[in-house]
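Colleague:
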């Protein structure tokens, strides 16, 4: 690394704007949320003393604990589906020679289109008078529309649709660097293709798979938009709970405590999955 | 037929029948996944040209586009979104690029750590903490939620994206090039501006694109920190979607997807030419 020739001033000039903005948009807001999570909610939505841990103990209430478990469950299923669907696609792209870039950009393309619009597309397809139900009824395959929207399945589908590219890219990156001779060695030593896949290829790709799991799981755990649009009022997840406390319910301290818990779960997972010397981002 | 045949990048012996079957199964599988990723948006776009309000094709019409462009709320929200995205992109790109360069020179755990944190914080948490912080600061400042709070929020969450993209390119930069400029009498600033910055340009352009798309698409954070007079396009779209399916919404969606797609393609062309 090059130093700044002993003059700290230029370095400070380069870093100060970012430091100030991170202070204003991340550090100070986080501090406020931590503080609010220990306060009492006021009659008109503000926060008041006394200090209390009641906001956290309330999260033990079976009603709220169920919301947290449900969020973990849905994020977990969505992540597993993304990994299972994404790995073969990553493998396909890493082996497609000259057309690699084309296939890769077909995966990245959804990144550049709106997440909100992609979620709306599924509302359009899945609702009672949507394309799928209309088509099935026109073909006389069903009489009454199938209830495909506003359930957990629709939320998982929406999450998989939204986050599949996040799973494919890191797995592709490790498959791309994979030493092909190791796979040949396995084959030469008599390994069946399935053994090569599960005992050689997948273990070697573990860093990419872990990165993919994190990149999908963390945003899925905190999802708000997908569960609100595709899950309707039945599928309340922790993201919806937090949003609700800060808007309709106007119980900011409780919402703050739920945010801290969500953040803590995400951080614990990040540190649990992260390996020494391995950069996820 | 070219599509489902992989181009022979398989290990082991070529011509092995089992391997080749495996390759073609994988190619068909990939085709299915690509269909899953792209067909829903395609269907959405097709039905924006339907003359019926219902999801049954009745004939070609541009009525829904007329309806969308006649909608005052939508147009105003689109203008707000463009202003916010433009401001946030310029600011975040400048600040994030400088920060990446500063961190590349000598790392700062504090700043790098807070950027990492900003990348992994769920959007909803970022949104409510910004809302709480803004409301708290309004006790001392005579301000209200509005475009400025949205822009500040967008700059905040875009800096880390920009820094990550620029940093990736800096890792491939040879510091000796800069040292050479210094040896030849350049000041540190002019060495940065004349040597390092041109090298970073493709990454900076890509980072700006990323910041722009992230800003123009954000709903969760924006809806929490926006004021009554600063409704953005995703907020209006969201409200329309909650009310139910509406072909005018398909039309708006198609316009947005095509516009973003065109932007990405043009910038990709420019990048290749450069």
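Protein chains in written order, with my numbering: chain A, 91 to 371; chain B, 51 to 324.
The beta carbon of each residue, even a glycine, is placed where N, CA and C say it ideally should be.
Quick one: Cα of residue 148 (chain A) to Cα of residue 154 (chain A), how far?
Modeller: Your numbering for residue 148 (chain A) matches position 58 in the first chain. Your numbering for residue 154 (chain A) matches position 64 in the first chain. Each residue's alpha carbon lies about 8 Å from the other.
Colleague: Does the region 342-349 of chain A come close enough to the region 111-127 of chain A that 3 or more CB-CB pairs lie under 8 Å?
Modeller: With a cut-off of 8 Å, the region 342-349 of chain A and the region 111-127 of chain A count as touching, because enough Cβ pairs lie within range.
Colleague: Does the CB of residue 90 (chain B) have a neighbour CB from chain A at under 7 Å?
Modeller: Within the second chain, numbered from 1, the residue matching residue 90 (chain B) stands at position 40. So, interface residue.
Colleague: Are at least three pairs of beta-carbons, each pair with one atom in the region 202-218 of chain A and one in the region 315-327 of chain A, less than 8 Å apart?
Modeller: In short, these stretches touch, since the Cβ pair count reaches three.
Colleague: Go ahead and pull the three-state DSSP assignment for residue 92 (chain A).
Modeller: Position 2 of the first chain, counted from the first residue, corresponds to residue 92 (chain A). With a pLDDT of 45 at residue 92 (chain A), under the threshold of 50, the modelled position of that residue is not reliable, and the figure given next carries that caveat. Note: residue 92 (chain A) maps to coil in three-state DSSP.
Colleague: On the premise that residue 180 (chain B) lies in contact with residue 275 (chain B), defined as a C-beta separation below 8 Å, what is that separation, rounded to the nearest angstrom?
Modeller: Here the question's residue 275 (chain B) lines up with position 225 in the second chain. Here the question's residue 180 (chain B) lines up with position 130 in the second chain. That belief holds up - the Cβ atoms of residue 275 (chain B) and residue 180 (chain B) are roughly 5 Å apart, short of 8 Å.
Colleague: Considering just the uninterrupted stretch of the alpha helix (DSSP H) at residue 243 (chain A), what are its terminal residues?
Modeller: Within the first chain, numbered from 1, the residue matching residue 243 (chain A) stands at position 153. Segment 242-267, the alpha helix (DSSP H) holding residue 243 (chain A).
Colleague: With residue 103 (chain B) as the anchor, note down where its alpha helix (DSSP H) starts and where it stops.
Modeller: As a working mapping, residue 103 (chain B) is identified with position 53 in the second chain. Looking at the DSSP string, residue 103 (chain B) is not in any alpha helix (DSSP H), and its letter there is neither H nor E.
Colleague: If the cut-off is 8 Å on Cβ atoms, which residues from the region 74-101 of chain B count as contacting chain A, listed in chain order?
Modeller: 76, 77, 79, 80, 83, 84, 86, 87, 88, 90, 91, 93, 94 and 97
Colleague: Taking a cut of 8 Å between CB atoms, which residues from the region 268-282 of chain B lie near chain A?
Modeller: 269, 270 and 274
Colleague: Bridge partners of residue 131 (chain A), per DSSP?
Modeller: The residue you call residue 131 (chain A) lines up with position 41 of the first chain. BP columns for residue 131 (chain A) point to A:137.
Colleague: Give me the chain B residues within the contact set of residue 123 (chain A), using Cβ-Cβ distance strictly less than 9 Å, ordered along the chain.
Modeller: Within the first chain, the letter at position 33 stands for residue 123 (chain A). Taking a Cβ-Cβ threshold of 9 Å, the residues of chain B close to residue 123 (chain A) are 175, 178, 179, 182 and 183, in chain order.
Colleague: DSSP beta-bridge partners for residue 110 (chain B)?
Modeller: Working through the second chain from its first residue, we reach residue 110 (chain B) at position 60. Answer by DSSP bridge pairing, in chain order: B:100.
Colleague: Could you give the residue range of the alpha helix (DSSP H) that holds residue 362 (chain A)?
Modeller: For the purposes of this step, residue 362 (chain A) is taken as residue 272 along the first chain, with counting starting at 1. Residues 342-363.
Colleague: At the 7 Å Cβ level, is residue 202 (chain A) part of the contact set with chain B, yes or no?
Modeller: Walking along the first chain from the start, residue 202 (chain A) turns up at place 112. So, interface residue.
Colleague: Beta-carbon of residue 207 (chain A) versus every beta-carbon of chain B: anything under 7 Å?
Modeller: Taking the first residue of the first chain as position 1, residue 207 (chain A) is located at position 117. Yes, because at least one Cβ of chain B sits closer than 7 Å to the Cβ of residue 207 (chain A).
Colleague: Could you tell me whether any Cβ in chain A is nearer than 7 Å to the Cβ of residue 186 (chain B)?
Modeller: Position 136 of the second chain, counting from 1, holds the residue named residue 186 (chain B). Chain A, which has a Cβ nearer than 7 Å to the Cβ of residue 186 (chain B), makes this yes.
Colleague: Which of helix, strand or coil does DSSP assign to residue 137 (chain B)?
Modeller: As a first step, residue 137 (chain B) is located in the second chain; it is residue number 87 there, counting from the start. Per DSSP, reduced to three states, the secondary structure at residue 137 (chain B) is helical.
Colleague: Below 8 Å, can you find three or more Cβ-Cβ pairs linking the region 257-267 of chain B to the region 181-190 of chain B?
Modeller: Because the criterion of three Cβ pairs below 8 Å is not met, the region 257-267 of chain B and the region 181-190 of chain B do not touch.
Colleague: Does the distance from the C-beta atom of residue 307 (chain B) to that of residue 214 (chain A) stay below 7 Å?
Modeller: In the second chain, counting from the first residue as 1, residue 307 (chain B) sits at position 257. In the first chain, counting from the first residue as 1, residue 214 (chain A) sits at position 124. In this structure, residue 214 (chain A) does not lie closer than 7 Å to residue 307 (chain B) by Cβ.
Colleague: Write down every uninterrupted run of the alpha helix (DSSP H) in the region 216-286 of chain B whose length is 4 residues or greater and which is fully enclosed by it, in chain order.
Modeller: 225-233, 238-241, 247-267 and 270-275
Colleague: Please identify, using Cβ separations under 9 Å, the residues of the region 211-224 of chain A that lie next to chain B, in order along the chain.
Modeller: Listed in sequence order: 211, 212, 213, 214, 215, 217, 219, 220, 221, 223 and 224.
Colleague: I want to verify the contact list: residues of chain A whose CB lies under 9 Å from the CB of residue 168 (chain B), in sequence order.
Modeller: Counting from 1 along the second chain, the entry for residue 168 (chain B) is found at position 118. Residues of chain A passing the Cβ test: 112, 115 and 116.
Colleague: Taking only beta carbons into account, state which residues of the region 196-209 of chain B come closer than 8 Å to chain A, listed in chain order.
Modeller: 202, 203, 205, 206, 207 and 209
Colleague: Among the candidates B:309, B:313, B:297 and B:210, whose CA atom is the shortest distance from the CA of residue 107 (chain B)?
Modeller: Locating residue 107 (chain B) in the second chain gives position 57, counting from the first residue. Comparing Cα positions, the closest option is B:297.
Colleague: Tell me whether residue 71 (chain B) is buried or exposed, calling it buried when 16 or more other Cβ atoms sit within 10 Å of its Cβ.
Modeller: Counted from its first residue, the second chain places residue 71 (chain B) at position 21. Exposed, by the Cβ-count rule.
Colleague: Under 9 Å, CB to CB, which of the residues in the region 326-339 of chain A have a partner in chain C?
Modeller: No chain C is present in this structure, whose protein chains are A and B.
Colleague: Compare the Cα-Cα distances from residue 312 (chain B) to each of A:158, A:137 and A:202 and report the closest residue.
Modeller: Stepping through the second chain from its first residue, residue 312 (chain B) is reached at position 262. Minimum Cα distance to residue 312 (chain B) is reached at A:202.
Colleague: Excluding the 5 residues flanking residue 284 (chain A) on each side, which residues of the same chain have their C-beta closer than 7 Å to its C-beta?
Modeller: In the first chain, residue 284 (chain A) corresponds to position 194, counting from 1. No residues qualify anywhere along the chain.
Colleague: Could you check what DSSP says for residue 142 (chain A) in three-state terms: helix, strand or coil?
Modeller: Position 52 of the first chain, counted from the first residue, corresponds to residue 142 (chain A). The answer is coil: DSSP assigns residue 142 (chain A) none of H, G, I, E or B.
Colleague: Alpha carbon to alpha carbon, how far is residue 242 (chain A) from residue 221 (chain A)? Give it in angstroms, no decimals.
Modeller: Position 131 of the first chain holds residue 221 (chain A). Position 152 of the first chain holds residue 242 (chain A). Distance between the alpha carbons of residue 221 (chain A) and residue 242 (chain A) is about 20 Å.
Colleague: Hey, could you find the ends of the alpha helix (DSSP H) residue 193 (chain A) is sitting in?
Modeller: Translated into positions along the first chain, residue 193 (chain A) becomes position 103. Unbroken alpha helix (DSSP H) run through residue 193 (chain A): 190-202.
Colleague: Does DSSP put residue 236 (chain A) in a helix, in a strand, or in coil?
Modeller: For this step, residue 236 (chain A) is matched to residue 146 along the first chain. Of the three classes helix, strand and coil, the one that applies to residue 236 (chain A) here is coil, per DSSP.
Colleague: So with Cβ pairs under 7 Å, would you call residue 179 (chain A) a contact of chain B?
Modeller: As a working note, residue 179 (chain A) is residue 89 in the first chain. It does; some Cβ of chain B falls within 7 Å.
Colleague: Can you tell me the Cα-Cα spacing of residue 216 (chain A) and residue 124 (chain B), whole angstroms?
Modeller: Taking the first residue of the first chain as 1, we reach residue 216 (chain A) at position 126. Taking the first residue of the second chain as 1, we reach residue 124 (chain B) at position 74. Cα-Cα distance, rounded: 25 Å.
Colleague: Do you know offhand how far residue 176 (chain A)'s Cα is from residue 164 (chain B)'s?
Modeller: Here residue 176 (chain A) refers to the residue found at position 86 when the first chain is read from its first residue. Here residue 164 (chain B) refers to the residue found at position 114 when the second chain is read from its first residue. The alpha-carbon separation between residue 176 (chain A) and residue 164 (chain B) amounts to approximately 30 Å.
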